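*Asks:* Handing you this structure, nothing more for now.
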Amino acid sequence: QSALTQPASVSGSPGQSITISCTGTRSDVGGYNYVSWYQQHPGKAPKLMIYEVSNRPSGVSNRFSGSKSGNTASLTISGLQAEDEADYYCSSYTISSTLETVFGTGTKVTVL
Amino acid sequence: QITLKESGPTLVKPTQTLTLTCTFSGFSLSTSGVGVGWIRQPPGKALEWLALIYWDDDMDYSPSLKSRLTITKDTSKNQVVLTMTNMDPVDTGTYYCVHRRKYDYHVDYWGQGTLVTVSS
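As you go down the protein sequences, you meet chains F and C in turn. Sequential numbering of the first sequence, starting at 4, is according to the working numbering. Sequential numbering of the second sequence, starting at 5, is according to the working numbering.
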């Protein structure tokens, strides 16, 4: 099972909006609404930010939003803040693995 | 409040077997739908699922690592144990214990992670 494809890095200035893409296939992202996104600060465990494409867990800022079109899912961070600088990983249900989920390659978000 | 914590050696030699224990609280692995699994992350690299065990003893493994992995649970102790045989330097990384519900397909709780280095 190949990892989902994400851009290596995305950057933006404070207050701007940025979007991170996550590209898969019809066997994963495109075929099911089970895409999730995780934020990981250096030396810390990942934190769930979005699940089932666009749902935010309790306590996650509404500046984070998710969407999907075809085989590509997206995470948008609006009103970018310094604390948003982190690595972000997408994940999706997949029929290609008995573990049923696959992660993306990861994106480093830099706040300029 | 759900918490998970990993424990085990920080350094193992090549060819040795790694045994990691996840001790959790705030839920029971005898509750329908509950699963506990392991995810690892090599330094500077992406996350990778290793194994998952459910309340009903169903188990899933990474296809590429299946021959080297064993996951077990002790419901009475609130623990899940992962063993990985024939360790290699490429297995160096942080190993996370996680909580995931069957049919949810996302990880809602993570342990703090434990760094395992494979070196002679």
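Ideal placement from N, C-alpha and C gives every residue a C-beta, glycine not left out. Here the structure is a predicted model, which is why all the values come from computation and not from measurement.
In terms of alpha-carbon separation, which member of C/K9, C/T23, C/L8 and C/Q5 lies closest to C/D95?
*Replies:* If you number the second sequence from 1, residue 95 of chain C lands on position 91. Here the closest residue by C-alpha is C/T23.
*Asks:* Suppose you measure from the CA of C/G39 to the CA of F/A85; what does that come to, to the nearest Å?
*Replies:* Position 35 of the second sequence, counting from 1, holds the residue named residue 39 of chain C. Position 82 of the first sequence, counting from 1, holds the residue named residue 85 of chain F. Roughly 35 Å separates the two Cα atoms.
*Asks:* Please list, in chain order, the chain F residues whose beta carbon lies closer than 9 Å to that of C/D125.
*Replies:* Nothing in the structure corresponds to residue 125 of chain C, since chain C is present only between 5 and 124.
*Asks:* Under 8 Å: do the stretch 74-94 of chain F and the stretch 6-23 of chain F share three or more Cβ pairs, one atom per stretch?
*Replies:* yes
*Asks:* Going by beta-carbon coordinates alone, are C/W53 and F/L102 separated by less than 9 Å?
*Replies:* Mapped onto the second sequence, residue 53 of chain C falls at position 49. Mapped onto the first sequence, residue 102 of chain F falls at position 99. It is a contact, given that the beta carbons lie within the stated cut-off.
*Asks:* Taking three-plus beta-carbon pairs below 8 Å as touching, is the stretch 79-93 of chain C in contact with the stretch 25-36 of chain C?
*Replies:* yes
*Asks:* Whose C-alpha, out of F/V13, F/V38 and F/N36, is nearest the C-alpha of F/D90?
*Replies:* Here residue 90 of chain F is taken as the residue at index 87 of the first sequence, counted from 1. Nearest C-alpha to F/D90: F/V13.
*Asks:* Return the bridge partner residues of F/A76 from the DSSP annotation.
*Replies:* On the first sequence, residue 76 of chain F is found 73 positions in, with the first residue counted as 1. Bridge partners of F/A76: F/C25 and F/K71.
*Asks:* Taking all protein chains shown into account, decide if F/T97 is buried (16 or more other Cβ within 10 angstroms of its Cβ) or exposed.
*Replies:* Position 94 of the first sequence, counting from 1, holds the residue named residue 97 of chain F. Buried, by the Cβ-count rule.
*Asks:* Quick check on F/K71 - is its C-beta less than 9 Å from some C-beta in chain C?
*Replies:* Here residue 71 of chain F refers to the residue found at position 68 of the first sequence. It does not: the Cβ of F/K71 has no partner Cβ on chain C nearer than 9 Å.
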